[in-house]
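All remarks here apply to the structure that follows.
There are 2 protein chains.
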Amino acid sequence: MGKNKSLGIFDSGVGGLTVLDRVLDRNYYDRIIYFGDTARVPYGSKSKETIVRYGKQDVRFLLTEKVDEIIVACGTVSANALEELQTSFSVPIRGVIDAAADAAAKATRNGKIGILGTEATIRSGIYARKLNAIAEKLDVQSVACPLFVPLVENGFCTFENPIVRETCRYYLQPLKEAGVDTVVLGCTHYPLLRDMIAEFFGDSVTLIDQGEALADTIPLGKVSPSELSLSFCVSDDVQLFQKNLKVLLRHSVHPAVTQIDIGAF
Amino acid sequence: MGKNKSLGIFDSGVGGLTVLDRVLDRNYYDRIIYFGDTARVPYGSKSKETIVRYGKQDVRFLLTEKVDEIIVACGTVSANALEELQTSFSVPIRGVIDAAADAAAKATRNGKIGILGTEATIRSGIYARKLNAIAEKLDVQSVACPLFVPLVENGFCTFENPIVRETCRYYLQPLKEAGVDTVVLGCTHYPLLRDMIAEFFGDSVTLIDQGEALADTIPLGKVSPSELSLSFCVSDDVQLFQKNLKVLLRHSVHPAVTQIDIGAF
Chain A
1 MGKNKSLGIF DSGVGGLTVL DRVLDRNYYD RIIYFGDTAR VPYGSKSKET
51 IVRYGKQDVR FLLTEKVDEI IVACGTVSAN ALEELQTSFS VPIRGVIDAA
101 ADAAAKATRN GKIGILGTEA TIRSGIYARK LNAIAEKLDV QSVACPLFVP
151 LVENGFCTFE NPIVRETCRY YLQPLKEAGV DTVVLGCTHY PLLRDMIAEF
201 FGDSVTLIDQ GEALADTIPL GKVSPSELSL SFCVSDDVQL FQKNLKVLLR
251 HSVHPAVTQI DIGAF
Chain B
266 MGKNKSLGIF DSGVGGLTVL DRVLDRNYYD RIIYFGDTAR VPYGSKSKET
316 IVRYGKQDVR FLLTEKVDEI IVACGTVSAN ALEELQTSFS VPIRGVIDAA
366 ADAAAKATRN GKIGILGTEA TIRSGIYARK LNAIAEKLDV QSVACPLFVP
416 LVENGFCTFE NPIVRETCRY YLQPLKEAGV DTVVLGCTHY PLLRDMIAEF
466 FGDSVTLIDQ GEALADTIPL GKVSPSELSL SFCVSDDVQL FQKNLKVLLR
516 HSVHPAVTQI DIGAF
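Quick mapping for you: the protein sequence lines, in order, are chains A and B.
Residue numbers for the first sequence follow the working numbering, so the first one is 1 and each next one is one higher.
Residue numbers for the second sequence follow the working numbering, so the first one is 266 and each next one is one higher.
Below you can see the structure in the form of structure tokens.
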């Protein structure tokens, strides 16, 4: 068995923690550095040009930590900047779109797939392109959900909350009416609303989680939790992030969180 | 009559346009530069330290435009960073809190005042401090409304929209129950939700608009619209901002918008 590998993983904020959770399930990497760009969150409402610029800074920072691989745990950067990142850096960089598109194409029975994502992800049209490259006949319906990230970032994640209920209805009703049987949670924040989205659609619809789909492509390793070195960096306040970490990450960790100035990279 | 003056005015995004509108009513400045930090919006969910850092960069940029005065057209920066800005720079810098607190103290009849603001503004406690310095007996109730800025930034501004209705009810109901007769719109985005907030409270509650209160302290001048040089700079995409400008600014302008790299200041 070869040497274990180290991973750099980043997101605009806390959404990427849903990907990290799934990656940790694989016990594959022995060193992981997570970066959350909390001083500039959200990315999903910004322009492609700005998203590319921020993504390059995020990668440049992670490279100073000498990681072997990078995972873009952000749907918006994966949709708008992955190619630019892959051609600008020699380290292997993977996004969350390919595996999710494959999983959605496999899951659908009636060929009707719904995509939920940020403004920038839906504007990129990437899911429709990927899915139609897999099978031309797939009917892809996309909905930009710009209010989902603010809901999650502000802790509004229960269906009892009338704002959450109304926002789900507003964004999801068109997909229900279109008769989709598979829905891609195309932003890494959305798994934190998964229970509400699942309740709205009912059992007949399969939800695709980008982090879960990506993690399925990572080999199962043998690194025990005690052998793993896991650290977190953020661009805004450390304590705000630590609080989120405890609530949002399923895996229990003793988080060492450091603040960095991402603008300098 | 002396030489006319030039003004630099900034906000995290489009909210400051509600202040600019009121400033334009005064015909006082003959050159105005507006900066919107659209690549890093919102500020209201970020830490004090990050807000101070961003505010200093915003001022530094405006100073390269050789302005005589600066208005902080952002409730969050005014609440969290005004003193730091005033001691760091020699140019006169004004925020939007003082005039609004004065106006609220004048308007209330029953002494019960509600404050709506971002997380960071409410956390700062500045309105309660200012109001209790004016009159100790004032009863100040503060509510952080983190979802209002995302609503406005995404164009959700009508009461027919059920998300807007539920969000208003969620944040405003406690103030209604507390019997406030005056409510400060403590974020420059909130005047764009004014009609909805007014409808919720009804005629018995006076709403205080920070931009309106600040503009009342600016002398009435004689600069005609044709004599005014007005320009806009943003840190994200120019076209996104131009679209907002046409919808959100009451004054009709021919917007020259330039993109700048605020991280470099």
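All residues carry an ideal CB built from backbone N, CA and C; glycine is no exception.
With contacts defined by Cβ atoms closer than 8 Å, Lys112(A) and Asp181(A) form a contacting pair. Checking the DSSP bridge columns, you'll see Arg31(A) partnered with Ser6(A) and Ser229(A). In this structure Thr38(A) is in contact with Phe241(A), their Cβ atoms being roughly 6 Å apart against a cut-off of 8 Å. Looking at the DSSP output, Ala144(A) sits in a beta bridge with Gly117(A).
Residue environment for Thr87(A): exposed (fewer than 16 other C-beta atoms within 10 angstroms of its C-beta). In the DSSP annotation of this structure, the continuous segment of the beta strand (DSSP E) that includes Asp209(A) starts and ends at Thr206 to Asp209.
Arg109(A) counts as exposed, since fewer than 16 other C-beta atoms from the protein chains shown sit within 10 angstroms of its C-beta.
Listed along chain B are Asp501, Asp502 and Gln524, each with a C-beta nearer than 9 Å to that of Glu49(A).
Residue-level contact check: Leu412(B) touches chain A, since one or more beta carbons of chain A fall below 8 Å from its beta carbon.
Within chain A, the residues placing a beta-carbon under 7 Å from that of Ala304(B) are Lys46 and Thr50, ordered along the chain. Taken through DSSP and simplified to helix, strand or coil, Glu401(B) comes out as coil.
Comparing alpha-carbon positions, the option among Val417(B), Ala370(B), Thr386(B) and Glu314(B) lying closest to Ala398(B) turns out to be Ala370(B). Only those residues of the segment 142 to 169 of chain A whose C-beta falls short of 7 Å from the nearest C-beta of chain B are listed: Pro146, Leu147, Pro150, Glu153, Asn154, Pro162, Ile163, Glu166 and Thr167.
The C-beta of Leu513(B) comes no closer than 8 Å to any C-beta of chain A.
Gly360(B) has a beta carbon lying at 8 Å or more from every beta carbon in chain A. In the displayed model, Glu330(B) falls within coil according to three-state DSSP, outside both helix and strand.
Around the beta-carbon of Lys331(B), fewer than 16 other beta-carbon atoms lie within 10 Å, marking it exposed. In this structure, Pro427(B) sits away from Val408(B), with a CB-CB distance that is not shorter than 8 Å. In the DSSP assignment, the residues bridged to Arg359(B) are Ile336(B). Closest by C-alpha distance to Cys145(A), out of Arg194(A), Tyr127(A), Asn154(A) and Thr167(A), is Thr167(A). Val284(B) is positioned such that its CB atom lies closer than 8 Å to that of Val361(B). The three-state reading of DSSP puts Gly36(A) in strand, counting E and B together. When 9 Å is used as the limit between beta carbons, Leu328(B) is near no residue of chain A, the shortest such separation being about 19 Å. Val184(A) is bridged by DSSP to Ile115(A) and Ile208(A). Within its own chain, the residues whose Cβ lies closer than 6 Å to the Cβ of Glu477(B), once the five positions on either side in sequence are excluded, are Arg287, listed in chain order. DSSP, reduced to helix, strand and coil, places Asp203(A) outside both helices and strands of the structure shown, so it counts as coil. Among the residues facing chain B, Gly16(A) is not included, as its CB has no counterpart in that chain under 8 Å away. For Thr523(B), the beta-bridge partners assigned by DSSP are Cys498(B). Chain-ordered, the chain A residues with CB closer than 8 Å to the CB of Leu505(B) read Ser47. Non-local C-beta neighbours of Val164(A) in its own chain, meaning closer than 8 Å and more than five positions away in sequence, comprise Leu151, Phe156, Cys157, Thr158, Leu193 and Met196, ordered along the chain.
Residue-level contact check: Gly186(A) does not touch chain B, since none of the beta carbons of chain B fall below 8 Å from its beta carbon.
The C-beta of Gly114(A) comes no closer than 8 Å to any C-beta of chain B. Judged by their CB atoms, Leu472(B) and Leu282(B) are not nearer to each other than the 8 Å cut-off. Sequence-distant Cβ neighbours of Ala120(A) in its own chain, meaning closer than 8 Å and more than five residues away, are Tyr43, Gly44, Ser45, Lys46, Ser47, Lys48, Ile51, Thr76, Ala79 and Asn80. The alpha-carbon separation between Lys268(B) and Val238(A) amounts to approximately 48 Å.
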